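Inspection log for the structure reproduced underneath, given as structure tokens.
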Amino acid sequence: MHKQCIICGENKSKTDFEYGNRNNRSYCSACNKIDQRIYSSEGLEAVKAWRVEMRKKWQ
Ligand SMILES: [Zn+2]
1 MHKQCIICGE
11 NKSKTDFEYG
21 NRNNRSYCSA
31 CNKIDQRIYS
41 SEGLEAVKAW
51 RVEMRKKWQ
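Now the structure itself:
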């Protein structure tokens, strides 16, 4: 069972969407790590800009 990540666009195993306290995230654990890192260093606006950039690559 695979699922597409809304950020990187990759089809990944459902287990990649199970982390933290939820098991049905809309983006993968790899993207979550980057997301968290950008958020903690640069804030929400930087995260939003990064997401838009990522989606441009495949949408
Ligand atoms: Zn992803």
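Here the sequence shown is numbered in this note's numbering, starting from 1 and rising by one per residue. Positions of the beta carbon are idealized from the N, C-alpha and C atoms, including for glycine. Note that the structure is predicted; figures quoted are calculated from it, not measured.
Please state the DSSP three-state secondary structure of residue i.
{"i": "serine 64", "result": "The structure shown does not extend to residue 64, since the chain is modelled only from 1 through 59, so no value can be given for it."}
{"i": "lysine 14", "result": "helix"}
{"i": "lysine 3", "result": "strand"}
Which partner residues does residue i have in the DSSP bridge list?
{"i": "tyrosine 39", "result": "According to DSSP, tyrosine 39 bridges with nothing at all."}
Between residue i and the rest of its own chain, which residues show a CB-CB distance below 6 Å, the 5 nearest in sequence each way excluded?
{"i": "alanine 11", "result": "For clarity, residue 11 is asparagine in the given sequence; the question names alanine instead. The answer, listed in chain order, is His2, Gln4."}
Between the region 9-24 and the region 34-41, do three or more beta carbon pairs fall short of 8 Å?
no
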